[in-house]
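Q:
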């Protein structure tokens with residue numbers, strides 16, 4: 007956003023993601039097809055981010071994904087739903103693509119949608135399957151097998167619809 011201050015000049019003003027969230031929430035409240043649109047938009051962003059991450063991911067991010075997988079499995083084994091670990095797994099992939107704008111768009115889209123993510127993970131058998139899907143994504147990224155990573159993520163997002 008551009009801001010002009012009289013006698014001072016023109017400045018670029020930080021545009022908070024809260025405005026985008028306001029727009030998204032009003033859209034979600036008014037349109038009954040909004041969940042479908044939100045899911046499609048998330049899918050587009052995450053698959054494109056994954057494509058970039060396949061070439062750009064560092065060993066540090068690979069290790070972070072592994073640790074998140076381990077933590078999620080431990081949470082699940084103790085009877086807890088690893089919603090935060092699920093969120094962080096996806097966020098780490100978007101971070102690994104090394105595109106700040108894409109990350110900010112993704113965060114604005116998904117950050118405020120954790121309730122829907124939790125609802126999806128609570129479905130019968132969904133969490134166990136999500137852990138397997140995350141592991142498949144992780145293993146493909148570790149091998150730098152973009153085709154397999156894209157296939158695994160595509161399946162995961164399809165199964166995760168909320």
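Residue numbers (this note's numbering): 7 to 168. Every residue gets a Cβ at the ideal spot worked out from N, C-alpha and C, and that includes glycine. All figures in this text were calculated on a predicted structure; none of them were measured in a lab.
My parser needs the alpha helix (DSSP H) runs of 4 or more residues fully inside the segment 38-76; what are they?
A: For the segment 38-76, whole alpha helix (DSSP H) runs of length 4 or above, ordered along the chain, are 40-62.
Q: Whole angstroms is fine: what's the gap from residue 132's alpha carbon to residue 165's?
A: For residue 132 and residue 165, the distance between alpha carbons rounds to 8 Å.
Q: Below 8 Å, how does it come out for the segment 150-161 and the segment 41-60: are there three or more Cβ pairs, yes or no?
A: Yes, they touch.
Q: If distances are taken between C-alpha atoms only, which option among 63, 39 and 125 comes closest to residue 88?
A: The shortest C-alpha separation from residue 88 is found at 125.
Q: Can you tell me the Cα-Cα spacing of residue 145 and residue 93, whole angstroms?
A: Each residue's Cα considered, the two are about 18 Å apart.
Q: State the Cα-Cα distance for the pair residue 75 and residue 134, rounded to the nearest angstrom.
A: Going from the Cα of residue 75 to the Cα of residue 134 covers about 12 Å.
Q: Leaving aside the five residues before and after residue 136 along the sequence, list all residues of the same chain whose C-beta is less than 8 Å from its C-beta, in chain order.
A: Result list for residue 136: 92, 127, 162, 165 and 166, in chain order.
Q: Taking all protein chains shown into account, do 16 or more other C-beta atoms lie within 10 angstroms of the C-beta of residue 138, making it buried, or fewer, making it exposed?
A: With fewer than 16 Cβ atoms within 10 Å of its Cβ, residue 138 is classed as exposed.
Q: Quick check: the Cα distance between residue 142 and residue 46, rounded to an integer number of angstroms?
A: One C-alpha to the other measures close to 22 Å.
Q: By DSSP, does residue 134 sit in helix, in strand, or in coil?
A: The answer is helix: DSSP assigns residue 134 an H, G or I state.
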